[in-house]
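Q:
Right, dumping it as structure tokens:
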């Protein structure tokens, strides 16, 4: 069965089964629950998958965007700083008191977090740091028709994205002519055909 012979409902994308695939592994790869994957494929026996079989994978619902992903640094104050401090604490990086004041303790926690995620450890919280903390910053990239905005996650490469979204590395490169595929950053927004 070819991928163009199956129509997946809105909110899902076709996926071709490869050697070694299991529903559990596919659900983990796409960041969805196993139950959601099973529910999206009522006629498919998860215990009898075969290479080349096409299934529908629900697209994971991203967390709702916050009103903004403000750039924060030493001296910043307010609710966004308190949210940052809570996210840092939840990620295992102690910013000190959750007081809405971006001081040296918060800066040290930000730098340690950025280092742990291979981000530039500058102590400044921008879009990439917010995204690495799990915040869905509304993408600022406008993608051309026939493509959609995608926020790069840990471990993503053009090759793995081409496999995940049933496209080619060349097509992704053409949709992102200014992006260096060898230096993708967590939180970077690219266009996927």
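Numbering (full-length UniProt numbering), first residue to last: 1 to 193.
Backbone N, C-alpha and C define an ideal beta-carbon position, used for all residues, glycine too.
Being a predicted model, the structure only gives us computed values, none of them experimental.
Three-state secondary structure (DSSP) at residue 169?
A: Taking the first residue of the chain shown as 1, we reach residue 169 at position 169. Helix, per DSSP.
Q: I'd like to know if the stretch 146 to 160 and the stretch 87 to 101 are in contact, where contact means that at least 3 CB-CB pairs between them fall below 8 angstroms.
A: Touching, no, given that fewer than three Cβ pairs across the two stretches are closer than 8 angstroms.
Q: Nearest to residue 144 by alpha carbon, out of 52, 125, 86, 190?
A: Locating residue 144 in the chain shown gives position 144, counting from the first residue. With distances taken between Cα atoms, residue 144 lies closest to 190.
Q: Would you say the stretch 70 to 80 touches the stretch 35 to 54, given that touching needs at least three Cβ pairs under 8 angstroms?
A: The stretch 70 to 80 vs the stretch 35 to 54: no contact.
Q: Would residue 50 pass as a contact of residue 37 if the rule is Cβ separation under 7 angstroms?
A: Taking the first residue of the chain shown as position 1, residue 50 is located at position 50. Taking the first residue of the chain shown as position 1, residue 37 is located at position 37. Contact flag unset, no.
Q: Where in the stretch 99 to 162 do unbroken runs of the beta strand (DSSP E), each at least 3 residues long, occur, reported from the N-terminal end onward?
A: Segments of the beta strand (DSSP E) lying fully in the stretch 99 to 162: 148 to 151.
Q: I'd like the list of long-range same chain contacts for residue 158, defined as Cβ closer than 6 angstroms, with 5 residues on each side in sequence excluded.
A: Mapped onto the chain shown, residue 158 falls at position 158. Contacts found: 169, 172, 181.
Q: Note down the Cα distance separating residue 26 from residue 124, rounded to an integer number of angstroms.
A: On the chain shown, position 26 is the one that residue 26 refers to. On the chain shown, position 124 is the one that residue 124 refers to. Their Cα atoms are separated by approximately 35 angstroms.
Q: Of all the options 120, 166, 106, which has the alpha carbon lying nearest to the alpha carbon of residue 183?
A: On the chain shown, residue 183 is found 183 positions in, with the first residue counted as 1. That would be 120, whose Cα lies nearest to the Cα of residue 183.
Q: Can you tell me which of 15, 89, 85, 101 puts its alpha carbon nearest to the alpha carbon of residue 164?
A: Stepping through the chain shown from its first residue, residue 164 is reached at position 164. Measuring from the Cα of residue 164, the nearest candidate turns out to be 15.
Q: Rounded C-beta distance between residue 186 and residue 132? I'm assuming under 8 angstroms.
A: Position 186 of the chain shown holds residue 186. Position 132 of the chain shown holds residue 132. 5 angstroms between Cβ atoms; contact.
Q: Taking residue 22 as part of the beta strand (DSSP E), name the residues at either end of that continuous run.
A: Your numbering for residue 22 matches position 22 in the chain shown. From DSSP, residue 22 is part of no beta strand (DSSP E); its letter is neither H nor E.
Q: Pick helix, strand or coil for residue 72, following the three-state DSSP scheme.
A: For the purposes of this step, residue 72 is taken as residue 72 along the chain shown, with counting starting at 1. Strand, per DSSP.
Q: In whole angstroms, what is the alpha-carbon distance linking residue 88 and residue 161?
A: Against the chain shown, residue 88 aligns to sequence position 88. Against the chain shown, residue 161 aligns to sequence position 161. If you take the alpha carbons of residue 88 and residue 161, they lie about 28 angstroms apart.
Q: Who are the near neighbours of residue 175 in its chain, counting only those whose CB is closer than 6 angstroms to its CB and skipping five residues on each side?
A: Residue 175 sits at position 175 when you count from the first residue of the chain shown. Correct list, in chain order: 147, 191, 193.
Q: Identify, in the order they occur along the chain, each residue of the same chain with its Cβ nearer than 7 angstroms to the Cβ of residue 21, setting aside the five sequence neighbours on each side.
A: Along the chain shown, one-based indexing puts residue 21 at 21. Result list for residue 21: 49, in chain order.
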